[in-house]
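J.: Quick note on numbering: the UniProt record's numbering labels position 236 of the sequence shown as 236, and the sequence is numbered without any gaps. Cβ atoms here follow ideal geometry from the backbone N, Cα and C, with glycine treated the same way.
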Amino acid sequence: MSNTQTPNTENNAHTDSSTQGSSTQDNSSQDKTYQPGNIEQPLYQHWESQGYFAPQGSGDPYSIMIPPPNVTGYLHMGHGFQESIMDALIRYQRMRGKNTLWQVGTDHAGIATQMVVERLLAEEGTDRHALGREKFIERIWEWKEHSGGHITKQLRRLGASPDWSRERFTMDDGFYKAVQEVFIRLYEDGLIYRGKRLVNWDPKLKTAVSDLEVLNKESDGHLWHFRYPLTDGSGHLVVATTRPETMLGDTAVAVHPEDERYQDLIGKTITLPIVGREIPIIADDYVDKEFGTGCVKITPAHDFNDYEMGQRHNLPMINILDDTAHLNDNVPEAYRGLERFAARKQIVADFEALELLEKIEPHKLKVPYGDRSGVVIEPYLTDQWYVKTQPLADKAIAAVEGGDIEFVPKQYENMYFAWMRDIQDWCISRQLWWGHRIPAWYDNDGKVYVGRTEEEIREKHGLADDITLRQDNDVLDTWFSSGLWTFGTLGWPEQTEMLKTFHPSSVLVTGFDIIFFWVARMIMLTLHFQKDVPFHTVYVHGLVRDSQGQKMSKSKGNVLDPIDLIDGIDLETLVKKRTSGMMVPHLREKIEKQTRKEFPDGISGYGTDALRYTFYSLASTGRDINFDVGRIEGFRNFCNKIWNAANFVLSNCENEDCGQDGSNHYELSLADRWIIGRLQHAETDVEQAFNTYRFDLASQAIQQFFWDEFCAWYLELSKPVLTGDDYTAEQKRGTRRTLVRVLETALRLAHPLMPFITEELWQKVKTLAGTSGDTIMYTEYPQADSSKIDDNAIADMEWLKEVITAVRNLRGEMKIPPGKKLPALMKNADDTATRRIEENRAFLIKLANLETLQWQEDSEEPLSAKALVGEMEVLIPMAGLIDVDAELARLQKESDKLEKEIKRLEGKLNNPKFVDKAPVEVVNKEKEKLADYQYSLKTLANQKSKIAALR
Numbered sequence: 001m002s003n004t005q006t007p008n009t010e011n012n013a014h015t016d017s018s019t020q021g022s023s024t025q026d027n028s029s030q031d032k033t034y035q036p037g038n039i040e041q042p043l044y045q046h047w048e049s050q051g052y053f054a055p056q057g058s059g060d061p062y063s064i065m066i067p068p069p070n071v072t073g074y075l076h077m078g079h080g081f082q083e084s085i086m087d088a089l090i091r092y093q094r095m096r097g098k099n100t101l102w103q104v105g106t107d108h109a110g111i112a113t114q115m116v117v118e119r120l121l122a123e124e125g126t127d128r129h130a131l132g133r134e135k136f137i138e139r140i141w142e143w144k145e146h147s148g149g150h151i152t153k154q155l156r157r158l159g160a161s162p163d164w165s166r167e168r169f170t171m172d173d174g175f176y177k178a179v180q181e182v183f184i185r186l187y188e189d190g191l192i193y194r195g196k197r198l199v200n201w202d203p204k205l206k207t208a209v210s211d212l213e214v215l216n217k218e219s220d221g222h223l224w225h226f227r228y229p230l231t232d233g234s235g236h237l238v239v240a241t242t243r244p245e246t247m248l249g250d251t252a253v254a255v256h257p258e259d260e261r262y263q264d265l266i267g268k269t270i271t272l273p274i275v276g277r278e279i280p281i282i283a284d285d286y287v288d289k290e291f292g293t294g295c296v297k298i299t300p301a302h303d304f305n306d307y308e309m310g311q312r313h314n315l316p317m318i319n320i321l322d323d324t325a326h327l328n329d330n331v332p333e334a335y336r337g338l339e340r341f342a343a344r345k346q347i348v349a350d351f352e353a354l355e356l357l358e359k360i361e362p363h364k365l366k367v368p369y370g371d372r373s374g375v376v377i378e379p380y381l382t383d384q385w386y387v388k389t390q391p392l393a394d395k396a397i398a399a400v401e402g403g404d405i406e407f408v409p410k411q412y413e414n415m416y417f418a419w420m421r422d423i424q425d426w427c428i429s430r431q432l433w434w435g436h437r438i439p440a441w442y443d444n445d446g447k448v449y450v451g452r453t454e455e456e457i458r459e460k461h462g463l464a465d466d467i468t469l470r471q472d473n474d475v476l477d478t479w480f481s482s483g484l485w486t487f488g489t490l491g492w493p494e495q496t497e498m499l500k501t502f503h504p505s506s507v508l509v510t511g512f513d514i515i516f517f518w519v520a521r522m523i524m525l526t527l528h529f530q531k532d533v534p535f536h537t538v539y540v541h542g543l544v545r546d547s548q549g550q551k552m553s554k555s556k557g558n559v560l561d562p563i564d565l566i567d568g569i570d571l572e573t574l575v576k577k578r579t580s581g582m583m584v585p586h587l588r589e590k591i592e593k594q595t596r597k598e599f600p601d602g603i604s605g606y607g608t609d610a611l612r613y614t615f616y617s618l619a620s621t622g623r624d625i626n627f628d629v630g631r632i633e634g635f636r637n638f639c640n641k642i643w644n645a646a647n648f649v650l651s652n653c654e655n656e657d658c659g660q661d662g663s664n665h666y667e668l669s670l671a672d673r674w675i676i677g678r679l680q681h682a683e684t685d686v687e688q689a690f691n692t693y694r695f696d697l698a699s700q701a702i703q704q705f706f707w708d709e710f711c712a713w714y715l716e717l718s719k720p721v722l723t724g725d726d727y728t729a730e731q732k733r734g735t736r737r738t739l740v741r742v743l744e745t746a747l748r749l750a751h752p753l754m755p756f757i758t759e760e761l762w763q764k765v766k767t768l769a770g771t772s773g774d775t776i777m778y779t780e781y782p783q784a785d786s787s788k789i790d791d792n793a794i795a796d797m798e799w800l801k802e803v804i805t806a807v808r809n810l811r812g813e814m815k816i817p818p819g820k821k822l823p824a825l826m827k828n829a830d831d832t833a834t835r836r837i838e839e840n841r842a843f844l845i846k847l848a849n850l851e852t853l854q855w856q857e858d859s860e861e862p863l864s865a866k867a868l869v870g871e872m873e874v875l876i877p878m879a880g881l882i883d884v885d886a887e888l889a890r891l892q893k894e895s896d897k898l899e900k901e902i903k904r905l906e907g908k909l910n911n912p913k914f915v916d917k918a919p920v921e922v923v924n925k926e927k928e929k930l931a932d933y934q935y936s937l938k939t940l941a942n943q944k945s946k947i948a949a950l951r
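(1) In the DSSP assignment, the alpha helix (DSSP H) including I137 goes from what residue to what residue?
(2) For T614 and R336, what's the separation of their Cα atoms in angstroms?
(3) On the three-state DSSP scale, how would you describe F81?
(4) Using only the alpha-carbon positions, how far apart do K345 and Q548 sit?
(5) So N840 packs on M872, CB below 8 angstroms; how close in whole Å?
(6) If you measure between the beta carbons of F672 and G734, is that distance less than 8 angstroms?
(7) Roughly how many whole angstroms lie between the Cα atoms of S617 and A701?
(8) Helix, strand or coil: how does DSSP classify G462 here?
(9) Is the beta carbon of K268 sitting closer than 8 angstroms to the one on I281?
(10) How about T251 and P203: are their beta carbons less than 8 angstroms apart?
(11) Taking the alpha-carbon of D422 as reference, which of A520, V238, Y781, H536 has the nearest alpha-carbon?
(12) Just to check my reading of the structure: E454 and L432 have Cβ atoms closer than 8 angstroms, yes? What is that Cβ distance to the nearest angstrom?
(13) Helix or strand or just coil, what does DSSP make of R841?
(14) Kindly give me the distance between the Cβ atoms of I642 and K788, rounded to whole angstroms, as I take these residues to be in contact under 8 angstroms.
(15) The beta strand (DSSP E) with I270 in it runs from where to where?
(16) Give a yes or no on whether the C-beta atoms belonging to E759 and I776 are separated by under 8 angstroms.
(17) Taking contact to mean 3 or more Cβ pairs, one atom from each stretch, closer than 8 angstroms, check whether the region 657–670 and the region 573–592 are in contact.
(18) Identify, in the order they occur along the chain, each residue of the same chain with its Cβ nearer than 6 angstroms to the Cβ of Q25, setting aside the five sequence neighbours on each side.
(19) Determine the DSSP secondary structure at T24, reduced to helix, strand or coil.
(20) Kindly list the residues whose CB is nearer than 7 angstroms to the CB of L525, restricted to its own chain and excluding five residues on each side of it in sequence; keep chain order.
(21) Less than 7 angstroms between C-beta atoms, sequence neighbours within five positions excluded: which residues of the same chain meet that for K144?
(22) Whole-angstrom Cβ separation of H302 and P379, contact assumed at under 8 angstroms?
(23) If we ignore side chains and look at the alpha-carbon of each, how far apart do R156 and Y44 end up?
(24) Do you know offhand how far P69's Cα is from H326's?
(25) Name the DSSP bridge partner or partners of Y62?
(26) Can you tell me whether P782 is buried or exposed? The criterion is at least 16 other CB atoms within 10 Å of its CB, across all chains shown.
(27) Please go through the same chain and pick out, in chain order, the residues whose beta-carbon is closer than 7 angstroms to the beta-carbon of L853, but skip the five residues on each side of it.
(28) Using the C-alpha atoms, what's the distance from E138 back to T573?
(29) Under a three-way DSSP split, which group does P368 fall into?
(30) Report all residues from its chain with a CB closer than 7 angstroms to the CB of F648; omit the five preceding and five following residues, and keep chain order.
(31) Suppose you measure from the CA of P162 to the CA of E780; what does that come to, to the nearest Å?
(32) Any contact between the region 618–635 and the region 546–565? By contact I mean 3 or more CB pairs, one from each, below 8 angstroms.
(33) For K177, which residues of its own chain have a beta-carbon under 8 angstroms away from its beta-carbon, when the five flanking residues on both sides are left out?
(34) Report the rounded CA-to-CA distance for A88 versus L753, giving the unit in angstroms.
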């Protein structure tokens with residue numbers, strides 16, 4: 001039953017790890033109720049002011065590079081989820097003794113930032129052109145200084161622990177130097193060139209944009225069928241198009257080479273209506289014979305697929321648009337200057353007038369929109385700067401194939417390979433003013449010179465002073481600069497100590513949607529310049545959706561703000577926030593109604609730890625997560641449970657001998673040995689979960705131990721020892737010692753996931769547990785010790801829990817009040833069960849709230865409620881415990897229901913039509929049901945007879 005321990009035998013709930021000096025926290029008794037708002041911000045300010053997040057300079061290096069959020073951005077649920085995962089990893093490794101760096105920074109967000117400042121200028125009645133480029137950029141820096149970087153303040157509210165002293169910005173001087181150096185070296189290596197190619201063009205912003213900045217929306221459109229006359233006058237072809245205006249730039253009509261309808265026409269020409277241009281009929285496997293008429297108009301300068309076909313067939317490329325999507329001088333005069341959609345209407349009308357419009361059909365299609373401008377994106381032929389990606393991609397593929405980089409989950413490697421093996425050259429130039437200006441200059445003849453400065457270029461190429469040079473107006477795509485993030489933030493191109501220590505980084509945490517745009521490009525650029533991988537592991541998490549699995553968006557009115565969940569927000573403010581800026585009345589009303597229904601009382605403030613724990617509980621590898629506010633409420637209750645448990649421990653152990661100095665003998669009870677063993681199992685489960693990036697399993701293991709074992713059972717088991725007169729000083733000391741040490745260890749175990757409450761409580765309990773230190777984040781992370789697992793104690797305790805649970809369940813079934821003490825009889829116990837009962841009789845009586853605990857020896861047992869624990873029967877005699885008349889009425893009601901079902905089944909089984917026609921297995925199943933019901937009715941009759949005898 002008990003085990004006397006000597007001072008030199010320690011359980012794993014103790015650590016002697018310490019840090020610099022004493023705690024700044026008050027170690028007196030804490031508040032009785034958990035109020036996260038009272039502890040979180042003061043704790044964070046203390047952490048940051050003390051420099052706890054910076055690398056400590058000892059231990060093996062472990063580093064994470066934050067995916068840099070936009071400087072214009074605000075914390076959304078996806079950020080909250082991602083940053084919580086990174087923080088858990090960095091805190092876990094920090095406690096494991098690693099020399100940790102979590103590199104933080106923000107992206108200059110070229111388009112977004114320029115748009116923000118342009119809107120501010122518009123409110124002032126001016127624009128960037130009136131200011132000029134230099135003054136406009138100065139205004140952006142002013143905006144950043146005063147209004148930018150809001151998201152970094154919100155990251156602090158989330159408890160994120162990056163090294164803020166090393167915060168970087170993709171436009172700061174050091175990073176600019178790295179970006180410029182990479183461009184120049186790639187150009188010198190023949191991997192950057194300037195060329196005229198098709199790009200996604202935003203006619204409102206007047207810049208090329210990446211695929212990630214294009215939203216493809218399904219729309220109700222049309223399919224116009226045009227007749228194109230054959231030049232020889234022998235007839236016409238019918239082509240179908242969703243964009244009639246582009247026909248002015250057609251340079252061919254294509255058919256499938258095996259389409260029998262058009263075999264005789266391949267090689268002939270048609271005369272393009274309205275334009276009068278003679279263009280060829282070509283054959284290409286790309287054409288879908290089943291779509292439309294099987295004839296496709298080819299406009300290489302205004303369609304990406306047509307562009308590829310134009311390359312294959314050496315077709316001319318005629319650009320019919322200017323940079324605002326108005327028709328240019330390459331079209332007939334009547335259409336010049338028309339906006340593209342106005343031109344569409346005019347062309348359709350003209351085809352109809354020429355009797356060349358065969359028909360118009362409704363057609364569903366995907367229309368590309370700019371995510372910032374909201375206008376339709378146009379495929380557009382322009383001069384841009386490109387990176388030749390295939391040589392870089394080959395090495396990047398090999399790095400993953402060879403295991404130098406591992407994707408978790410592994411399935412995302414297939415997505416990575418698919419993109420990389422079909423990679424196209426990368427357009428890296430943008431027609432903006434805000435960003436890294438391309439380090440290229442042109443002379444009057446258009447010759448290009450690439451270098452760091454104009455002076456360097458003149459000197460290198462021996463250019464006379466009278467030769468005018470002008471710098472390229474374009475800036476680099478932000479994905480280009482962020483592609484250098486892992487080494488550019490650490491001081492490259494200089495070989496700094498930080499670069500040598502923390503590169504390659506340990507893990508990248510990211511969403512699957514930017515594997516190609518960011519992850520792949522980092523791998524390519526880092527391998528080229530560092531001759532090494534940028535990270536060893538890519539942990540790919542899912543996307544955060546609403547409780548119904550819908551993507552969160554302002555237009556759907558289902559967006560949740562992490563800060564609102566942390567601090568709370570009243571209903572009216574929430575409604576105003578969700579409907580702000582919505583111009584469509586019926587949509588605004590719909591979202592207001594939806595919000596009032598979903599949050600009739602607004603959103604309570606749940607605190608950071610509860611929000612973070614909710615994220616972890618949902619973080620199974622790679623899957624999207626459906627965020628339900630009901631879950632965060634449950635984890636707020638979990639935090640409260642931890643707080644109350646600590647209050648119990650402190651109230652029973654402060655100013656008491658808990659064996660802190662290790663000099664006193666103590667005796668451990670069965671419950672003490674059981675909880676110490678269960679703690680080792682929890683530590684094993686959590687370590688395995690962290691090693692496999694299963695944050696859901698880590699959170700589950702911690703909650704199960706803390707709530708289901710420590711709080712629900714061990715605290716209750718400790719009460720008889722702490723308050724009883726039948727226990728020795730050594731036994732009480734052993735229980736207090738276990739209480740404080742297990743609590744202290746469990747707080748360290750949970751710290752990476754819920755940093756605030758664990759720090760606050762650890763400061764209160766650390767001295768009682770015999771440890772010290774400034775902060776929990778630099779204590780040793782718990783590791784299981786198998787020698788502290790007492791398998792016999794665990795087996796005994798789990799069996800006793802079953803007995804107690806059985807009594808509690810019987811109490812509930814019999815509707816007996818929890819406070820009423822019960823008599824209990826045990827029957828058919830073997831030697832092990834008998835020993836367990838006798839050794840733990842006091843525990844059983846206390847926790848099951850028993851009046852008596854006896855063995856049933858007589859063959860004639862009293863009428864009792866029964867439960868089985870293994871082979872042993874647990875009996876609760878019913879005499880005096882139940883309302884006989886009410887119980888008889890209940891049993892009669894059940895009997896009546898059974899008799900009705902029996903009658904129905906007997907009728908069914910006596911019906912030859914059913915028995916003869918139904919499958920044998922169906923008939924047999926009905927017979928089994930009848931037999932079960934008849935047996936149950938007989939059992940109820942026996943119960944009624946016994947209960948009636950209690951009158």
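T.: Reading off the structure:
(1) Working through the sequence shown from its first residue, we reach residue 137 at position 137. Unbroken alpha helix (DSSP H) run through I137: 133–146.
(2) As a position in the sequence shown, residue 614 is number 614, starting the count at 1. As a position in the sequence shown, residue 336 is number 336, starting the count at 1. C-alpha separation (whole angstroms): 58 angstroms.
(3) The count along the sequence shown starts at 1 and reaches residue 81 at position 81. The answer is helix: DSSP assigns F81 an H, G or I state.
(4) Here residue 345 corresponds to residue number 345 of the sequence shown, with the count starting at 1. Here residue 548 corresponds to residue number 548 of the sequence shown, with the count starting at 1. Taking the straight line joining both Cα atoms gives about 41 angstroms.
(5) Position 840 of the sequence shown, counting from 1, holds the residue named residue 840. Position 872 of the sequence shown, counting from 1, holds the residue named residue 872. Not confirmed; about 14 angstroms, so no contact.
(6) Here residue 672 refers to the residue found at position 672 when the sequence shown is read from its first residue. Here residue 734 refers to the residue found at position 734 when the sequence shown is read from its first residue. Here residue 672 is Asp; the residue named in the question, Phe, does not match the sequence. Yes, the pair counts as a contact, with Cβ atoms nearer than the cut-off.
(7) Numbered from its first residue, the sequence shown carries residue 617 at position 617. Numbered from its first residue, the sequence shown carries residue 701 at position 701. One C-alpha to the other measures close to 10 angstroms.
(8) Taking the first residue of the sequence shown as position 1, residue 462 is located at position 462. Here G462 sits in coil by DSSP.
(9) For the purposes of this step, residue 268 is taken as the residue at position 268 of the sequence shown. For the purposes of this step, residue 281 is taken as the residue at position 281 of the sequence shown. Contact: yes.
(10) Numbered from its first residue, the sequence shown carries residue 251 at position 251. Numbered from its first residue, the sequence shown carries residue 203 at position 203. It is not a contact, given that the beta carbons lie outside the stated cut-off.
(11) The residue labelled residue 422 in the question sits at position 422 within the sequence shown. It is A520.
(12) On the sequence shown, position 454 is the one that residue 454 refers to. On the sequence shown, position 432 is the one that residue 432 refers to. Rounded, the Cβ-Cβ distance is 21 angstroms, inconsistent with contact.
(13) Locating residue 841 in the sequence shown gives position 841, where the first residue counts as 1. Of the three classes helix, strand and coil, the one that applies to R841 here is helix, per DSSP.
(14) Reading the sequence shown from its first residue, position 642 is the one you call residue 642. Reading the sequence shown from its first residue, position 788 is the one you call residue 788. Rounded, the Cβ-Cβ distance is 22 angstroms, inconsistent with contact.
(15) If you number the sequence shown from 1, residue 270 lands on position 270. Here the beta strand (DSSP E) through I270 covers 269–271.
(16) Taking the first residue of the sequence shown as position 1, residue 759 is located at position 759. Taking the first residue of the sequence shown as position 1, residue 776 is located at position 776. Contact flag set, yes.
(17) no
(18) Stepping through the sequence shown from its first residue, residue 25 is reached at position 25. Residue confidence is low: Q25 scores 45 on pLDDT, short of 50, so the model does not pin down where it sits. No coordinate-derived value is stated.
(19) Walking along the sequence shown from the start, residue 24 turns up at place 24. Its pLDDT being 42, under 50, T24 is placed unreliably in this model, and the value from its coordinates should be taken loosely. Here T24 sits in coil by DSSP.
(20) Mapped onto the sequence shown, residue 525 falls at position 525. Excluding residues within five positions, the ones whose Cβ falls inside 7 angstroms are V182, G483, L484.
(21) Translated into the one-based positions of the sequence shown, residue 144 becomes position 144. Closer than 7 angstroms at the Cβ level, and outside the excluded window around K144, lie V71.
(22) As a first step, residue 302 must be located in the sequence shown, where it is residue number 302. As a first step, residue 379 must be located in the sequence shown, where it is residue number 379. So it is a contact: roughly 5 angstroms between Cβ atoms.
(23) On the sequence shown, residue 156 is found 156 positions in, with the first residue counted as 1. On the sequence shown, residue 44 is found 44 positions in, with the first residue counted as 1. Distance between the alpha carbons of R156 and Y44: 7 angstroms.
(24) As a first step, residue 69 is located in the sequence shown; it is residue number 69 there, counting from the start. As a first step, residue 326 is located in the sequence shown; it is residue number 326 there, counting from the start. Approximately 35 angstroms, taken between the alpha carbons.
(25) The residue labelled residue 62 in the question sits at position 62 within the sequence shown. DSSP output for Y62 lists T100 as bridge partner(s).
(26) In the sequence shown, counting from the first residue as 1, residue 782 sits at position 782. By the 10 Å Cβ count, P782 comes out buried.
(27) As a first step, residue 853 must be located in the sequence shown, where it is residue number 853. Cβ within range, chain order: A824, R841, L844, I845.
(28) Taking the sequence shown and counting its residues from 1, the one referred to as residue 573 is at position 573. Taking the sequence shown and counting its residues from 1, the one referred to as residue 138 is at position 138. Taking the straight line from one Cα to the other gives about 35 angstroms.
(29) Locating residue 368 in the sequence shown gives position 368, where the first residue counts as 1. Looking at P368 - three-state DSSP - the assignment turns out to be strand.
(30) Looking up residue 648 in the sequence shown gives position 648. Result list for F648: L715, in chain order.
(31) Taking the first residue of the sequence shown as position 1, residue 162 is located at position 162. Taking the first residue of the sequence shown as position 1, residue 780 is located at position 780. Going from the Cα of P162 to the Cα of E780 covers about 19 angstroms.
(32) yes
(33) Within the sequence shown, the letter at position 177 stands for residue 177. Only P493 meet the Cβ criterion.
(34) Taking the first residue of the sequence shown as 1, we reach residue 88 at position 88. Taking the first residue of the sequence shown as 1, we reach residue 753 at position 753. Taking the straight line joining both Cα atoms gives about 5 angstroms.
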